[in-house]
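See below for the structure under consideration.
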Amino acid sequence: MRKLDLAVLLLAVGAVAGAAWWRFHVPTATPPPAPWRCDSGKDARWDCFVSVPGGTFLMGAQATDAKDPGYDADASPNEGPPRIVSVAPFWIGRGEMSVGVFRECARAGKCDVADVATEGGYSTWLPLDAPDVPTSLSRPLNGVSWKGARDTCAFLGGRLPTEAEWEFAARGTDGRHWPWGNQPLCASPPKDDPFSRAQRDNKTCTQDGPWRMSDMPNPSPFGLVGMAGNLWEWVGDWYAPDGLPAAGSKDPSGPATGETRGQRGGSWTASSPADLRVTVRGGLDPESKLNDVGFRCVFGGADVR
Amino acid sequence: MSASVRRSLWRALVVAVGLFGSAYAATGYRNDGTGVWPGTSAPTAWSLTEHLLWRTAMPAWSNASPAVGAGKVCVCGEPTSLICADSATGRVAWSAAHDVLATLTGDEKAKASVLVSAGDAAEAELATLRTEVSRLSREARANPSADASARLKTVQDRMGVLKTAVAAAAQYRTPPNQGLIGWSSPSPAIDATGVWALFGNGVVAAHGLDGALKWSRWLGPPPERMLGYDSGTSASPLRVDDLLVVPFRSLTVLDAATGAVRWTDKRPWPHYGPAAVTKVGGVSMLLLPDGRILRARDGVELAKDLADVWYIAPVVAGDVVIYLEARSGAEVIQSGGVTMKAYRLAAAPGGSVTTTPLWTTKIPAKDPFYGQPVASLGYAYLATSTAELWTVNLTTGTITATRKVAGLTNDTVYAGPMVAGGHLYVGNDSGQTAVLSIGATPELLRVNALEAMRASPAFVDARVYLRSANALYAFQ
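As they're listed, the protein sequences go chains D and V.
Position one of the first sequence corresponds to residue 61 (this note's numbering), numbered consecutively onward.
Position one of the second sequence corresponds to residue 19 (this note's numbering), numbered consecutively onward.
Okay, structure coming up:
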């Protein structure tokens with residue numbers, strides 16, 4: 061065989077092999093360490109991680125035209141324009157990040173307690189020198205700055221989600237307005253239950269402060285809780301107040317620079333179901349430490365900043 | 019089983035009870051704590067059209083079971099009410115609420131009153147700030163600015179101060195509704211001299227049969243943590259000899275007549291069920307879910323490390339005590355089931371007790387057990403939260419039967435099985451009660467349907483009393 065023929069043959073074989081790999085390789089996200097996965101048997105933990113398959117979905121909402129995609133009469137201008145977006149597979153926290161994990165991070169010297177507002181009647185913080193009371197450790201951490209959130213995720217080996225990842229995790233692919241569907245139930249939905257008359261009267265979606273994840277009903281399509289209400293959740297993106305970032309349609313990660321970092325999900329301060337829709341967006345000074353803010357982390361996904 | 023054999027077995031049981039007898043001095047939680055109601059001729063069938071004697075609407079729900087005696091049937095109502103009705107007519111004779119402030123006196127009451135007033139004022143101001151913080155939260159995030167964030171922080175900080183004032187008063191105020199365990203889950207106890215009740219705000223009280231308050235005492239704010247859940251209290255007070263055994267925060271034993279503290283155990287009480295009670299060698303003993311045995315009159319520890327039970331009390335049958343080490347659903351799955359243990363109790367010198375291990379059996383259930391087992395005539399019956407019924411031979415620990423109780427829907431079984439009048443009863447929280455035969459392989463006889471209910475029935479003489487979320491019933 062001539063050298064040229066051999067070269068062509070090798071190239072062809074390589075091309076076929078490469079195409080086969082591309083065709084059959086199923087992208088999977090880098091998982092978190094085994095003890096952190098919700099499928100490792102520790103499903104009583106709310107800060108374990110759930111696998112979310114990659115997908116394509118309509119991100120955002122608009123209130124301009126009922127005939128156009130993504131119509132939502134309650135949508136604000138900064139929730140749109142809706143766009144088709146793809147996200148790579150990733151793992152995400154099943155619930156909002158717990159006090160216990162931040163304490164571990166701080167004790168390891170990787171997180172700074174100064175990044176958490178530790179005082180006030182709504183604070184969920186447990187001082188480092190206090191005994192490890194499990195019910196206190198499992199509460200969602202609030203009053204944390206963006207840096208504190210980022211550092212905690214890095215301590216675990218992950219990062220904060222992008223807005224696209226967060227929204228996909230909250231709503232899946234069917235365009236729902238809330239994690240549980242399209243009915244404007246409140247964060248503590250009315251139950252037709254004679255033992256819960258007080259809950260039945262709670263029509264305004266008010267909470268009296270941050271709740272435990274175990275008290276948050278109505279998970280998202282991927283089994284996540286607390287995606288609507290409880291605590292606003294930091295995302296990794298800079299926030300673009302004039303609408304969704306005009307990035308590419310695959311794994312967008314927001315503008316390159318900014319002054320405020322994005323937040324999603326609404327919080328216990330909400331006064332109506334409209335405030336808790338999955339497309340509601342906000343931004344805050346990354347150094348702010350408000351008592352209605354928390355976060356959850358992701359592993360895997362696209363290679364984002 | 020023939021009627022004559024059954025009578026012989028009942029006689030043997032009576033003899034056994036005399037030697038290793040019940041120390042219960044009143045009736046209340048699961049009759050005498052065992053869930054066995056001997057000698058009743060109550061109907062096995064009931065509904066709104068079958069055997070209904072009376073139905074009395076209740077002002078609020080409660081998980082507490084009826085306590086029947088001295089012509090009265092007493093139940094509880096959320097959050098802190100004790101309600102007693104005439105057992106023949108269902109007419110409510112009296113009702114009493116149990117606030118913390120009413121139990122306090124002097125300086126303590128004055129301080130608490132100030133905190134409650136401040137808490138009331140703080141709640142009122144919080145209500146006015148709710149709308150503002152919601153608006154500021156939206157504005158500060160939609161169009162972030164230092165100014166908007168500062169305004170939001172100012173209001174949130176003020177709300178935090180108010181929240182602290184509300185929290186400081188919380189232990190003294192009427193508790194807000196708490197939908198699962200509630201504040202009135204402990205079942206009252208009744209005898210010919212009065213009624214005793216315990217509530218989740220920490221108030222324990224004794225009333226005369228006419229409703230007059232004899233004494234009340236506050237044992238402190240609710241415990242911080244229950245095993246597997248984090249609020250509410252459900253363990254019932256028990257009348258033992260001249261004592262009232264109160265499982266709240268820790269185990270406190272009071273003089274039943276005066277409310278004076280006789281002794282207190284140091285360990286916290288995070289269990290949902292009370293102790294079991296028995297007499298060994300004539301000495302009343304408390305068998306705790308944490309595996310200890312304490313002498314009732316003075317709390318002296320007589321045994322320990324027998325078991326570690328979460329949701330329910332140990333069960334005594336004659337000279338045998340059974341522990342079902344029920345745990346959370348996740349632990350049940352991880353452990354491949356729950357462990358059941360039995361010990362034989364025997365009197366030891368000095369009023370003590372020896373415990374001889376009889377058997378240990380793994381119950382390979384896949385769901386938790388919330389209700390206490392019942393042991394009767396040689397078998398123990400236990401039901402998971404999903405109505406899977408297990409039957410265990412009390413002598414050998416062998417599982418003789420397991421079955422899903424047909425006819426019960428997918429609602430949760432909270433109350434433990436009971437044995438009454440030679441039948442086994444298993445109920446769920448939608449008010450369905452399955453009636454089964456007793457023995458090695460219980461067979462379903464019928465299912466009674468009423469309405470949402472978590473309390474256990476009380477079978478007394480010719481009647482069965484049921485406490486639903488909305489009403490109190492008597493069937494005869």
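The beta-carbon is built from N, C-alpha and C at its ideal position, and this holds for glycine as well.
- Proximity to Arg285 of chain V across V:Ile351, V:Asp273 and V:Phe266 peaks at V:Phe266, based on C-alpha coordinates.
- Excluding sequence positions up to five before and after Leu122 of chain V, its CB lies within less than 6 angstroms of the CB of Ala130, all in the same chain and listed in chain order.
- At a cut-off of 8 angstroms between beta carbons, Leu66 of chain V makes no contact with chain D.
- Shown here, Pro265 of chain V sits in a strand according to DSSP, grouped into three states.
- Remark: C-beta atoms of Gln450 of chain V and Leu484 of chain V do not approach each other more closely than 8 angstroms.
- Under DSSP, Val151 of chain V shares a beta bridge with no residue.
- The DSSP-derived three-state label of Gln323 of chain D is strand.
- Gly235 of chain D places its beta carbon less than 8 angstroms from that of Leu118 of chain D.
- Residue contact with chain D for Met303 of chain V: absent (no Cβ-Cβ distance below 8 angstroms to any residue of chain D).
- Rounded to whole angstroms, Pro255 of chain V and Val301 of chain V show a C-alpha spacing of 19 angstroms.
- Distance from the CA of Asn466 of chain V to the CA of Gly354 of chain V, rounded to the nearest whole angstrom, comes to 32 angstroms.
- At a cut-off of 8 angstroms between beta-carbon atoms, Ala160 of chain V makes contact with chain D.
- Cys98 of chain D carries a helical assignment under DSSP once its states are collapsed to helix, strand and coil.
- When DSSP reads this structure, Pro162 of chain V sits in no beta bridge, so it has no partner.
- Spanning the alpha carbons of Ala75 of chain V and Ser474 of chain V requires a straight line of approximately 18 angstroms.
- With its beta carbon less than 8 angstroms from one in chain V, Leu350 of chain D belongs to the interface.
- In this structure Asp107 of chain D is buried. Its beta-carbon is surrounded by 16 or more other beta-carbon atoms within 10 angstroms.
- The criterion of a C-beta distance shorter than 8 angstroms is not satisfied by Pro391 of chain V and Gly439 of chain V.
- Residue pairing for Asp104 of chain V: DSSP places it in a beta bridge opposite V:Lys90.
- Selection D:Gly208, D:Asp311 and D:Asp297 evaluated against Thr317 of chain D yields D:Asp297 as nearest (Cα-Cα).
- Along the segment 165-181 of chain V, going in chain order, the ones with a CB nearer than 8 angstroms to a CB of chain D are Ser167, Leu170, Lys171, Gln174, Asp175, Met177, Gly178, Val179, Leu180 and Lys181.
- DSSP places Pro91 of chain D in the coil class of the three-state scheme, outside both helix and strand.
- Counting along the chain, the unbroken alpha helix (DSSP H) around Glu227 of chain D starts and ends at Glu223 to Arg231.
- Looking at D:Ser146, D:Ser327 and D:Ser274, the one whose alpha-carbon comes closest to that of Gly114 of chain D is D:Ser146.
- Using a CB distance cut-off of 8 angstroms, Leu344 of chain D counts as an interface residue toward chain V.
- Residue burial annotation: Arg159 of chain V is buried, with at least 16 other C-beta atoms found within 10 angstroms of its C-beta.
- The beta-bridge partner set that DSSP reports for Glu319 of chain V consists of V:Leu312.
- Identification of residues in the segment 306-325 of chain D having a C-beta nearer than 7 angstroms to some C-beta of chain V yields Thr320 and Gln323, given in sequence order.
- Counting C-beta atoms within 10 angstroms of its own C-beta, Gly445 of chain V has 16 or more neighbours from the protein chains shown and is therefore classed as buried.
- As the crow flies, the alpha-carbon of Tyr361 of chain V is around 14 angstroms from that of Ala393 of chain V.
- In terms of Cα proximity to Val204 of chain D, the closest of D:Phe359, D:Ser274, D:Phe215 and D:Ala177 is D:Ala177.
- The Cβ-Cβ distance between Pro149 of chain D and Gln122 of chain D does not fall below 8 angstroms.
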